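Chemist: If you're matching them up, the sequences are chains A and B in order.
Going by the numbering used here, 34 is the number at position 34 of the first sequence; the sequence numbering is gapless.
To convert, take the position in the second sequence, counting from 1, and add 87; that gives the numbering used here.
Below are the structure tokens for one structure; questions will follow.
There are 2 protein chains.
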Amino acid sequence: MTNPIEILGFVAAVLTTTAFLPQVYTTWKTKSVEGLSLTMLFIFISGLLCWLVYGFLIDSVPIILANFVTVILGFLLLFFKIRYKNR
Amino acid sequence: MTNPIEILGFVAAVLTTTAFLPQVYTTWKTKSVEGLSLTMLFIFISGLLCWLVYGFLIDSVPIILANFVTVILGFLLLFFKIRYKNR
Numbered sequence: 001m002t003n004p005i006e007i008l009g010f011v012a013a014v015l016t017t018t019a020f021l022p023q024v025y026t027t028w029k030t031k032s033v034e035g036l037s038l039t040m041l042f043i044f045i046s047g048l049l050c051w052l053v054y055g056f057l058i059d060s061v062p063i064i065l066a067n068f069v070t071v072i073l074g075f076l077l078l079f080f081k082i083r084y085k086n087r
Numbered sequence: 088m089t090n091p092i093e094i095l096g097f098v099a100a101v102l103t104t105t106a107f108l109p110q111v112y113t114t115w116k117t118k119s120v121e122g123l124s125l126t127m128l129f130i131f132i133s134g135l136l137c138w139l140v141y142g143f144l145i146d147s148v149p150i151i152l153a154n155f156v157t158v159i160l161g162f163l164l165l166f167f168k169i170r171y172k173n174r
């Protein structure tokens, strides 16, 4: 069975990932990407990839899952940024 | 000496925290908080607090530091949201 510490980690993962979803949804719906900085996106995605590797190295499933999902969302924002930049 | 895994964690912490700073700076400068959802801020701060406790429980200094700094920034955004909502 999963231990209570892991459960807390999963709760944390769900909460911080959920808080990030409106940004992705709003960008997708409005196609407005002026407010998204490409530099910021690169820094953010690099950070998430480091967290992902760190999660594997310390064997933390919540960190792996949280950053796996968020890095996909980060790449999605990057895709929107490139795709909608000329609108 | 700090081990390579911890260093990777610190790099991750610096990168994701740095990526969050422009949001705080822009909100502070523009005093524009319409785009900030109070519900999202509560979910985000709750998530960060869970990560903070999780960091202590699994003894991960990078997770503790990253979420300690980010939770302060989160509370700062919450303060801006409440302070500037009537502008």
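Ideal Cβ positions, reconstructed from N, Cα and C, are used throughout, including at glycine.
Keep in mind it's a predicted model, so treat the numbers as computed, not measured.
1. Do G161 of chain B and I151 of chain B have their C-beta atoms within less than 8 Å of each other?
2. Report the start-end ranges of each alpha helix (DSSP H) in the region 92-152 of chain B that is 4 residues or longer and not cut off at the edges.
3. Could you give the distance in angstroms between the alpha-carbon of S147 of chain B and the alpha-carbon of I94 of chain B?
4. Should I43 of chain A go down as buried or exposed, given a rule of 16 or more other Cβ atoms within 10 Å for buried?
5. Check whether the Cβ atoms of L165 of chain B and L108 of chain B lie closer than 8 Å to each other.
6. Would L58 of chain A count as contacting chain B if we go by Cβ distances under 8 Å?
7. Taking all protein chains shown into account, decide if W28 of chain A is buried (16 or more other Cβ within 10 angstroms of its Cβ) or exposed.
8. So is N67 of chain A buried or exposed if we call it buried at 16+ other beta carbons inside 10 Å?
9. Do C137 of chain B and A12 of chain A count as a contact pair if the criterion is CB distance below 8 Å?
10. Report all residues from its chain with a CB closer than 6 Å to the CB of G9 of chain A; omit the five preceding and five following residues, and keep chain order.
11. Which bits of chain B does Y54 of chain A rub up against, with CB to CB less than 8 Å?
12. Give me the subset of the region 119-138 of chain B whose CB atoms are less than 7 Å from a CB atom of chain A, sorted by chain position.
Modeler: Taking the structure as given:
1. no
2. 125-144
3. 11 Å
4. buried
5. no
6. The sequence shown places Ile at residue 58 of chain A, rather than the Leu named in the question. Closer than 8 Å to some Cβ of chain B, the Cβ of I58 of chain A qualifies, so yes.
7. exposed
8. buried
9. yes
10. P62
11. I92, L95, G96, A99, P149
12. S124, M127, I130, F131, S133, G134, L135, C137, W138
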